[in-house]
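Trainee: Going by the working numbering, the first residue of the sequence shown is number 16, and it counts up by one from there.
Attaching a single structure in structure tokens format; questions to follow.
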Amino acid sequence: MPMRIDIHVHTRRYSPCSTIDPEALIGTAIQAGLNGVVITEHEYQWSDPELDALREASGMPGFLLLAGFEYRTVRGDVLVYGLDASACEEFGPGMTPREATALAAARGGVCIAAHPTREGMDFDMAIGECPLAAIEVCSTNLRTWERRSAANLATALHLPAIAASDAHALTDLGRYATEFETFIDSMAGLHNALRNGKFQLPEFVVAEMEIS
Ligand SMILES: [Zn+2]
Ligand SMILES: [Zn+2]
């Protein structure tokens, strides 16, 4: 059984644009059929003690709850995974996509282009020169035609596609997700799977993208 993980989620603790109460996150994720959640706040990465405390408070110490972060470059947003929480502070404002992804790579992280074709937040052609592990092609923040052009972009760049909720409200959690072929129980495991392309879009996402 593949693991279904939502790897792009915001909570109100560190993302003022989100209404998600972190305390409700894990219970809702389980109800939504998720096997794991990665919190990706804007410009902030939850520390391991914070993640531990939330798991404990939720009464689910074994649930896969990880953290990366989302960085706003001067041209589009990137999701960063696999860094120490403190390394997030090195990502000051004003970096280009190439600078941000290069810094993440230098620190041992992997990057995904978030909603790369979202109107007003799209990347330019320089995205093709960035070290990226994947392209987000489906989320609650991508409209039908933006999903289609994101999928075309992934194909053109020979990069795998991921889907994630980009949830800012609990009802969006798990609305989209990615399936990982290998058992993942840590950021190291997720990082490895992302780097090696060991994931796929769930069938319901593929079906939804085909009919829309
Ligand atoms: Zn946001
Ligand atoms: Zn986001």
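Virtual Cβ for every residue (Gly too), placed ideally from N, Cα, C.
(1) According to DSSP, is Asp200 helix, strand or coil?
(2) Could you please give the first and the last residue of the uninterrupted beta strand (DSSP E) stretch that includes Asp21?
(3) Tell me the DSSP secondary structure of His183 in three-state form.
(4) Asp139 lies in the alpha helix (DSSP H); which residues open and close that run?
(5) Quick one: is the Cβ of Asp181 within less than 8 Å of any heavy atom of ligand 2?
(6) When the Cβ atoms of the stretch 158-170 are set against those of the stretch 105-114, are three or more pairs found closer than 8 Å?
(7) Please name the residue or residues paired with His57 in a DSSP beta bridge.
(8) Going by DSSP in three states, Leu80 sits in which element: helix, strand or coil?
(9) Tell me the start and end of each unbroken beta strand (DSSP E) in the stretch 149-177 that is at least 3 residues and wholly inside, in chain order.
(10) Using 8 Å as the cut-off, classify the Cβ of Ser4 as near or not near the heavy atoms of ligand 1, replying yes or no.
Mentor: Let me lay it out:
(1) coil
(2) Met18 to Val24
(3) coil
(4) Here Asp139 belongs to no alpha helix (DSSP H), and DSSP marks it neither H nor E.
(5) yes
(6) no
(7) Glu85
(8) strand
(9) 149-153
(10) In the structure displayed, the chain extends from 16 to 227; residue 4 sits before or after that span and is not available.
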